[in-house]
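>
There are 2 protein chains.
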Amino acid sequence: MRPLSPDRVRLTDSFWAPRQLQISEATLPQQFEKLEESHRLRNLRIAAGKEEGDFYGFYFNDSDVYKWMEAVAYSLKNHDSKKLRDQLDVAVAVIQEAQEESGYIDSFFQIRHPKLKLKNLNSMHEMYCAGHLVEAGVALAASIGDRRILDVALKFTHYLMSVFGPGKRRGYPGHEEIELALIKLSEFLREPEYREFARWMVDERGKRPTVFEQELEDPDSLSLSPWVTNVLCADGAYKGDYCQDHAPVREHTEVVGHAVRAMYLYTAAADLAGDQQDEALEAALVRAWNNLTQRRMYVTGGIGPSSFNEGFTADFDLPNLTSYAETCAACGLIFWGQAMLEQTGESGYADVIERALYNGALAGIGLDGTSYFYANPLESRGTHQRVPWFECACCPPNIARLIANLSRYVVGEAPTGFFVHQYVGLEASLVVDHIPVQIKIDTKFPWSGEVTLAVEPEKAVEFRLSLRIPEWTEDVSFDLEGSDDEAEYENGYAVFARTWSPGDSIKIDLGMMPGWVEADPRVLDNLGRSALTYGPLVYCMESHDNDFLPQNFTADTEADVTAGFEKDLLGGVRVVEVEGIIEVVQPSEELYPPRGSVQIDETTASFIPYFAWANRGPSQMQVWVRG
Amino acid sequence: MRPLSPDRVRLTDSFWAPRQLQISEATLPQQFEKLEESHRLRNLRIAAGKEEGDFYGFYFNDSDVYKWMEAVAYSLKNHDSKKLRDQLDVAVAVIQEAQEESGYIDSFFQIRHPKLKLKNLNSMHEMYCAGHLVEAGVALAASIGDRRILDVALKFTHYLMSVFGPGKRRGYPGHEEIELALIKLSEFLREPEYREFARWMVDERGKRPTVFEQELEDPDSLSLSPWVTNVLCADGAYKGDYCQDHAPVREHTEVVGHAVRAMYLYTAAADLAGDQQDEALEAALVRAWNNLTQRRMYVTGGIGPSSFNEGFTADFDLPNLTSYAETCAACGLIFWGQAMLEQTGESGYADVIERALYNGALAGIGLDGTSYFYANPLESRGTHQRVPWFECACCPPNIARLIANLSRYVVGEAPTGFFVHQYVGLEASLVVDHIPVQIKIDTKFPWSGEVTLAVEPEKAVEFRLSLRIPEWTEDVSFDLEGSDDEAEYENGYAVFARTWSPGDSIKIDLGMMPGWVEADPRVLDNLGRSALTYGPLVYCMESHDNDFLPQNFTADTEADVTAGFEKDLLGGVRVVEVEGIIEVVQPSEELYPPRGSVQIDETTASFIPYFAWANRGPSQMQVWVRG
């Protein structure tokens, strides 16, 4: 199973399509300005010898330029834009000029440490940047036929492959990324050598003595990242779990360390495992996936609770107020989930993608399209707000490229037929047995669970149509109009294997209802608490909608709730009203009175979708409410 | 009102007296060994030129030697000890030898930076160390007539007074301490000049431009503590709240910054305010006290929730799992409370002292007397354990000196009579109108609220006996045996103003009962939670006593509880049994099931006093339980 190529699917719905337009019109132009303002493009110009000056910012800042270009590639396919094309041309020229004759490109090292290139793979992110360069190159070539960055990326890739590889120097990146990029490169060029280079890096990782362990002995390497022992070692011994270098990937049993790194590694590994039916690798990935989704994932699909390592801690450690849950990590979870879905066809992976997409990832960008979260807590006491940019700005272009390229995650095809993974209104073009087929999906999802799917083959043709049954539904129906054909159920999909004729149409009712979930009681932070959901959407209380703090509310989870669409609120959202009680805050000199002293009132609270919070100025917010 | 001198009161009870013996026999000898092992005494020997070597450890480590000596002084009064006297002699000789001819002593600067002495008052703690030297000198002279350290301390004090003072250089310490020490010095020597020097330092503090603000412009000063701008400045501007340098003390409205520093400052300020009926200073202290005790104090009397600044954050910000609540800060709260109590005679200050003493401070030392907490969280998920020593070891000698000197906080006298602030079994000697009076208090407090107080004057004599009515009681009785005399109530004390004859005795029933308290609903971390108390003791659940995690328990706070003394548990404690429910933890693949999925069982939970937790190996613990 694989995604449809971007020229064969177009989102047409009222939820995602306007967001894709906003990415084109607001987000990406704003990010280009930030790339300029923040010295990121200038670093490359200085490396190219076109400007005087010193490197400024984080040593991996080139990657933000590349990731932005990748997002631009997808976006230009959705919506052509003169402005974006012009901005793209500026960035492309800068990068072309900065690349050295050898193929090497990394402005930090070119400006600051030309003699220390590739000396420190554990922290210095040259390969990470290279990976994003490759992804940008592939995306631009595939989406709009622009091969300029692909050429740069290939030249750098060939340089890296001349240094590293079997029989050459051993090496792999501290921050995984190039592996999944090389796989995309191989797929696009239909040349296996890049994929095999990626496979070698994935296989070498974690074998003792590891590359990073050895780098700790090298003064040159250590001089570049003297802090790294804090994250790579514990009790005086090398651990490496921070960058998944604690053990070979096939021995992994749980997700550890930096969350984004882990997601990128496993995304590549999932592709590699499927490619060779590598059962040991598949088994490790399933173990890690289960550990992540059954023990270490927020209800929002956010992952990586700790700011210390930007990553994982322990099973069921999911604090709400301090949750890190980086936007990039939710994006990474979607990437990995998609790779697993494509390998297995099991709907559980699409369920997790949906959870992360509508909550933990989407919350990473404001409704204005130009403000961002890095961390995505599940509770706020008033200080957490989106900002227009970050010193470390990985998240803004990551959420932009995810949304611009969303069609990749929504529908898919296999030799046997067509898959609907996510319910998004769209138009898609298939060719089955040389017969063109148009698919049209019409829905107000996620504000309604009613979906109409029309199949328009040029003439009758047989294929399997697989429609995902979401994990959150308890009552779903698939009604093939004018036919008694019933779906079979397979891997969490309702499958219609039949001959389709022009005018065929399926009415789907996903049975979307507001409901309460609780957490496994080992999640100590959620004990006695419930979260309101509506289909894939996790809801929260925000202080703007209530005249008391969300934290002071206790929900009556047995009572009926009412849900109404408010078109003028937050770009149009379904608001859910919940009955419950609040503690009344009154002036008091007694900090610890006898129990029962505090006045309790009955009230009704308004809940909004989590992704939409923090768009109206400072506020308090809570997902897991008492009750 | 003032404490009784140490030779006139002796604790005889079964709770504190054994602890004082343990301080003598176990704690202080162990701490001396740690002072040696940790290079603290060696630093001073190197400064004296008696050994070769470099300074090791924190630059303020001399203070731990001084604070240990102060504790030894009190302890030798309680229990003479050849071993402690020998250890004291070692320390005294080292200090005498290290002191320079000028009077200066601070081994860090003597060894490392002899040309940068007193260049950096904001961080370098020379005055802080001097204060502890003075306190040790006074304590040794007052308790056991040993003036050797007093002489050293006076010499350093005179040196400091030759450098700083009105008409000389402006200066005061980044970490307050010397102010309260100088006041003790004045009181002991009955010479006002030291108190006036302290008053000058308190008065100068916070006046713009402040001393520390100016030091930030001095490269020499900044070279000693390059990190200090992180804590002293915000948004590029000097703030100073970290060390209470944000405003003159008389303008303070709330407690800010490093908690121990604030407590030590206000302890001195309370004495100074009372000395001159300084109403502006008194008003500022009451404002700060009310802010602290009504908005920023844990139920345990722990204060300072944040590890970032080892101090205060915002009103009602009292997280349980991450509470810092340094042992020294609880000690400091007791010091300040005592100073306020002595100035005002109001029982509320003694209430707070009692709360901190039996909970937040006492938890700082293990039942073995040789293991310590620096931070005192109100919840643990298994990783918080007492240890034998710290790199920064302020807390161990602080809790030792508090317990060794406890009689200071228990009873007091004024020209008009005798006060019982804390209910501890003891024998005290008064002289009223030249008539000797013995007071004997007999009680099993805090395991019982029954107290017998016997008054034995040599012959009948009139005086006021004031007995504190604890804030936690709802039903207290004072029964003067064989008499109808009734107490009057004044400032939270029951006052018997009468003629006392040999054989007079009062039976006191403090009405001690287990009970539940809740928190002001602005304490968001405690919403929906209750804490169990028994008199002054705050209770907690520890996993050792229950076959489920404390966090999984919800108390039925309406149900009766049972409380029984278990003499073999934790040195003898009253255990309270509470009915409630738990979530049953079962293997599950579903992290977020529909609400109502988790099995709930009824159970009974055992609670122990908070101070006694973490004495049986790793455990989970919770003070604020659901219910």
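Heads up: the sequence lines are chains H and F, in that order. Following our numbering, the numbering of the first sequence begins with 1 at its first residue and continues without gaps. Following our numbering, the numbering of the second sequence begins with 628 at its first residue and continues without gaps. For each residue, glycine too, the CB sits at the ideal point set by N, CA and C.
Any beta carbon of chain H sitting closer than 7 Å to that of F/W1127?
Chain H contact via Cβ: absent.
> Closer than 7 Å between beta carbons: that is the criterion. Which residues of the stretch 503-518 of chain H meet it against chain F?
Listed by position, the residues of the stretch 503-518 of chain H near chain F (Cβ gap below 7 Å) are G515, W516, V517, E518.
> Out of F/A725, F/L1164, F/E1210, which one is the CA nearest neighbour of H/V523?
Closest by alpha carbon: F/E1210.
> For a cutoff of 7 Å on Cβ pairs, would you count F/S1157 as touching chain H?
So yes, F/S1157 belongs to the interface.
> Does the beta-carbon of H/D220 have 16 or more other beta-carbons within 10 angstroms, so that it is buried, or is it exposed?
By the 10 Å Cβ count, H/D220 comes out exposed.
> Around the Cβ of F/W854, are there at least 16 other Cβ atoms within 10 angstroms (buried) or fewer (exposed)?
It is exposed - the Cβ of F/W854 has fewer than 16 other Cβ atoms within 10 Å.
> Tell me the DSSP secondary structure of H/D245 in three-state form.
Coil.
> Contact between the stretch 753-763 of chain F and the stretch 690-698 of chain F is defined here as three or more beta-carbon pairs at a separation below 8 Å; is this criterion met?
A contact exists between the stretch 753-763 of chain F and the stretch 690-698 of chain F.
> For H/V299, would you say it is in contact with chain F, using Cβ-to-Cβ distances shorter than 7 Å as the test?
At least one chain F Cβ lies under 7 Å of H/V299.
> Can you tell me which residues form a DSSP beta bridge with F/M1168?
Paired residue(s): F/F1234, F/Q1249.
> For the alpha helix (DSSP H) holding F/F943, just list the boundary residues, first then last.
From DSSP, F/F943 is part of no alpha helix (DSSP H); its letter is neither H nor E.
> When the cut-off is 7 Å and only beta carbons count, does H/N552 lie next to chain F?
Closer than 7 Å: yes.
> I'd like the span of the alpha helix (DSSP H) that includes F/S632, first residue to last.
Careful: F/S632 lies outside any alpha helix (DSSP H) and carries neither H nor E.
> Tell me, which residues are paired with H/E450 by DSSP?
Per DSSP, H/D509.
> Taking C-beta pairs closer than 8 Å, name the residues in chain F that H/P521 reaches, listed in chain order.
Ordered by position in chain F, the residues that pass the 8 Å Cβ test against H/P521 are N1179, E1210, V1211, V1212, V1225.
> What is the DSSP secondary structure of H/K82, counted as helix, strand or coil?
Here H/K82 sits in helix by DSSP.
> Would you mind reading off the limits of the beta strand (DSSP E) that contains F/D1195?
That residue, F/D1195, is in no beta strand (DSSP E); it is neither H nor E in DSSP.
> Any idea what DSSP makes of F/Q904, helix, strand or coil?
Note: F/Q904 maps to coil in three-state DSSP.
> Would you say F/Y976 reaches chain H, if we count a Cβ-Cβ gap shorter than 7 Å as a contact?
Cβ-Cβ to chain H under 7 Å: no for F/Y976.
> According to DSSP, what are the bridge partners of H/I441?
For H/I441, which the question treats as bridged, DSSP gives the partners H/L426, H/L453.
> Once the 5 residues before and after F/K746 are set aside, which same chain residues still bring their CB inside 6 Å of it?
Excluding positions up to five away in sequence, the list reads D847, S848.
> With a cut-off of 7 Å, does the C-beta of H/T628 fall near any C-beta of chain F?
No statement about residue 628 of chain H is possible, as the shown extent of chain H runs from 1 to 627 and does not include it.
> Which residues, taken in chain order from the stretch 1077-1104 of chain F, show a beta carbon closer than 7 Å to some beta carbon of chain H?
Cβ contacts with chain H: none found.
> Between F/R712 and chain H, is the shortest Cβ-Cβ distance under 7 Å, so that the two count as touching?
It does not; no Cβ of chain H falls within 7 Å.
> Mind the definition here: the stretch 427-436 of chain H touches the stretch 55-67 of chain H only if three or more C-beta pairs lie below 8 Å; say whether that holds.
With the cut-off at 8 Å, the stretch 427-436 of chain H and the stretch 55-67 of chain H do not touch.
> Can the beta-carbon of H/L28 be found closer than 7 Å to that of H/S75?
Against a cut-off of 7 Å, the Cβ pair of H/S75 and H/L28 comes out as a contact.
> Which residues share a DSSP beta bridge with F/P819?
None; F/P819 has no bridge partner.
> Looking at the structure shown, is F/T997 part of a helix, part of a strand, or coil, going by DSSP?
Correct three-state label for F/T997: coil.
> Kindly indicate which residue of H/L4, H/L35, H/D7 has the alpha-carbon position closest to the one of H/A393.
Nearest of H/L4, H/L35, H/D7 to H/A393, Cα basis: H/L35.
> Does the CB of F/P1221 have a neighbour CB from chain H at under 7 Å?
At least one chain H Cβ lies under 7 Å of F/P1221.
> Against H/L333, what residues of chain F qualify as contacts under a CB-to-CB distance less than 8 Å, listed in chain order?
Those within 8 Å of H/L333 in chain F number zero; the least Cβ separation is about 14 Å.
> Would you tell me roughly how many angstroms separate the C-alpha atoms of F/C870 and F/A977, rounded to the nearest one?
Those two C-alpha atoms are separated by around 26 Å.
> Within this structure, are the beta carbons of F/R1222 and H/T557 separated by less than 7 Å?
Contact flag set, yes.
> State the CB to CB distance for the pair F/L892 and F/E806, rounded to an integer number of angstroms; the pair is presumed to be in contact (CB under 8 Å).
With a Cβ gap of about 7 Å, F/L892 and F/E806 count as contacting.
> Would you call the stretch 457-470 of chain H and the stretch 484-498 of chain H touching, i.e. three or more CB-CB distances under 8 Å?
With a cut-off of 8 Å, the stretch 484-498 of chain H and the stretch 457-470 of chain H count as touching, because enough Cβ pairs lie within range.
> Between F/Q1012 and the rest of its own chain, which residues show a CB-CB distance below 7 Å, the 5 nearest in sequence each way excluded?
Once the five neighbours on either side are set aside, the close Cβ partners of F/Q1012 are A1241, P1245.
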